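With my numbering applied, the sequence shown covers 17 to 461.
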Amino acid sequence: MSKDDFMGHPKGLAYIAFTEAWERFSFYGMQALLMLYMTGRLLTPGVVDHVWGFNAFRSLVESVTGPLSVQALAAQIFGIYVALVYFGPVVGGLIGDRLIGRTPAVLTGALLLAAGHFLMAFEPAFLPALGCIICGAGLLKGNLAAQVGALYPDGDRRIDDGYTLYVTSVVVGAFVSPLVCGTLGELYGWHYGFGAAGIGMLVGIGIYLRGLKHFKAPAKKTEAQSARMTSAEWGRIGVLCGLILITSLFWTVQSQIWNTYPVWLRDDVSLGIGFGLSIPVTWFQSLDAFAVLALTPVTMAMWKALGKRGLEPSDIAKLAIGCALFGGGCLLLSIGQWVAGSGKVAVIWPLVFHFVIGAGYLLCSPVALALVARSAPVQVKSMMVGGHYIGLFIAGIFSGWLGRFYEPLHPPLFWLLHAGIGLAGTLILLALYAPLCRILLPKPV
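What follows is the structure in structure tokens.
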């Protein structure tokens, strides 16, 4: 293992974290623009006709959903895209574990991501661009996250903080990218924003290559990795799969923040700041990330203080609280829309909303990821870490389907529906609290 010289963690964590930050810069930069780009440009008459293969693709989608408005079609495309991006790590993790190794999988995925982001700058290549991004994310995500776990020996409790730092790097990229890519795309032209995302991915590749010596070499299968799994290990996999299904509830809320939420901000929130200026819609994606960044040290300090007193909640309890915060955040949006009536919603409502769900994110995303990485049998660890993103696959499909109800339900009921989805996650986790803790946590609770 590398010397502990990065905030008390192996040095390889720094290179993985900075690689992930730039990968997320490219990914979230494109994602911040995607719904606005589709509804404001790509799907408009005279433009969509020139997108390669789009007529056949639209016919396929509408054969399942029925005819869709521009907003509903954009929401459905976005949902399918998010779903496939986060299903890919399951296959990508298996490829990294069993076929080519984690490092080649990460590098291949990164190159595909860069190609996809650059292709997004060309309107006719929209569908091939999404295909490259989906395949690239599948190879990169599960394997890069699994490399974090490989830096620590079995039983090392630092892995929780290691994954928190890793997730924080995701948030750093997510914070900066809408300010750069989003501003370029909204104010100067969509292709400038997408091009900046591609450049960010190339920077990430360079950082990863520089840090290769600090990672464990793509390993031959160890005896443990080749061993047949016991019935207890199969049982643990089953419980982890159930937990991943539950996480899809809070991820549905988060996915809708990427999907329909920007359209709501553009159309229903008062974004003017005087002097003829207004806040770019994409900047709220940066606010989403800023809230997580601001709350991360507070959360880590709180868990450390509570841990010294033996009062730190279990991982399952943290997930339950996090789901409740996601639900509470959506309730705020619903109330804000009701208060506004037929007028524009005051910007304070989405501002507070982002800090509420930011706290929920910190209680859900890094905790769930660390729990899967710690509990999964070594034979399928990368695949299960990739499988953690199945929650986002389900959420992408579900949020895209829900997006078609945004116009008929109107915003107050639409956000109230999502509040119920978040709170449902809390109720399910509380109902299953005892068996989940018994099987997945390393010590009695």
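The beta-carbon is built from N, C-alpha and C at its ideal position, and this holds for glycine as well.
Since the structure is predicted, the reported quantities are computational estimates derived from the model, not experimental observations.
| Item | Value |
| --- | --- |
| Given this structure, state the Cα-to-Cα distance separating R226 from S185, to the nearest angstrom. | 17 Å |
| With DSSP collapsed to three states, give me the class of G290. | strand |
| With respect to the alpha helix (DSSP H) encompassing W68, which residues constitute its N-terminal and C-terminal limits? | No alpha helix (DSSP H) holds W68; DSSP gives it neither H nor E. |
| Using 8 Å for Cβ pairs, my map puts A91 next to T246. What's the rounded Cβ distance? | In fact, because the Cβ distance is near 44 Å, the residues do not count as touching under 8 Å. |
| Between R454 and G69, what straight-line distance do the alpha-carbon atoms span, to the nearest angstrom? | 51 Å |
| Looking at C-beta atoms only, is the number of pairs between the segment 376-387 and the segment 53-72 that lie closer than 8 Å three or more? | no |
| CB Y44 to CB P194, shorter than 8 Å? | yes |
| Taking all protein chains shown into account, do 16 or more other C-beta atoms lie within 10 angstroms of the C-beta of T35, making it buried, or fewer, making it exposed? | buried |
| Quick test of the definition: if touching needs 3 or more C-beta pairs under 8 Å, does the segment 283-294 touch the segment 360-370? | yes |
| Can you tell me where the alpha helix (DSSP H) holding Y377 begins and where it ends? | I364 to S391 |
| Inspect the beta-carbon positions of G438 and V269 and report whether they are closer than 8 Å. | yes |
| Evaluate S79 with the Cβ neighbour count: other Cβ atoms within 10 Å of its Cβ, from every protein chain shown; 16 or more gives buried, anything less gives exposed. | exposed |
| Can you tell me which of the three DSSP states P296 falls into? | coil |
| Counting beta carbon pairs with one atom in the segment 324-341 and one in the segment 392-403, are three or more of them shorter than 8 Å? | no |
| Whole angstroms are fine: how far does the CA of I410 sit from the CA of A447? | 22 Å |
| Take A48 as the anchor and find which of Y422, A212 and N71 has the nearest alpha-carbon. | A212 |
| Excluding the 5 residues preceding and the 5 following A153 in the sequence, name in chain order all residues of the same chain whose CB lies nearer than 6 Å to its CB. | V101 and G104 |
| Between which two residues does the alpha helix (DSSP H) carrying Q462 extend? | Summary: the structure shown does not reach residue 462, with the chain confined to residues 17 through 461, and so no result is reported for it. |
| So, do the segment 342-352 and the segment 408-424 have three or more beta carbon pairs nearer to each other than 8 Å? | no |
| Would you identify the three-state DSSP class for P26, choosing helix, strand or coil? | strand |
| Comparing alpha-carbon positions, which option in L50, G109, P428 and L143 lies nearest R74? | L143 |
| Is it buried or exposed, S85, if we count other Cβ atoms within 10 angstroms and call 16 or more buried? | exposed |
| Could you tell me which of L228, V297, G251 and P313 sits nearest to L378, measuring between CA atoms? | P313 |
| Evaluate contact between the segment 123-131 and the segment 155-169, counting only Cβ atoms and requiring at least three cross-stretch pairs below 8 Å. | yes |
| Provide the residue(s) that pair with V361 in DSSP beta bridges, ordered along the chain. | V285 |
| What residue range does the alpha helix (DSSP H) around L100 cover? | V86 to R114 |
| To the nearest angstrom, how far is it from the Cα of T442 to the Cα of G62? | 46 Å |
| Would you grab the beta carbon distance between P296 and G205 for me? Rounded to a whole angstrom, and I think it's under 8 Å. | No, P296 and G205 are not in contact; Cβ-Cβ is about 14 Å, not under 8 Å. |
| Can you list, in chain order, the residues of its chain whose CB lies under 7 Å from that of Q163, leaving out five sequence neighbours each side? | I32, R118 and F231 |
| Could you please give the first and the last residue of the uninterrupted alpha helix (DSSP H) stretch that includes L432? | P427 to A447 |
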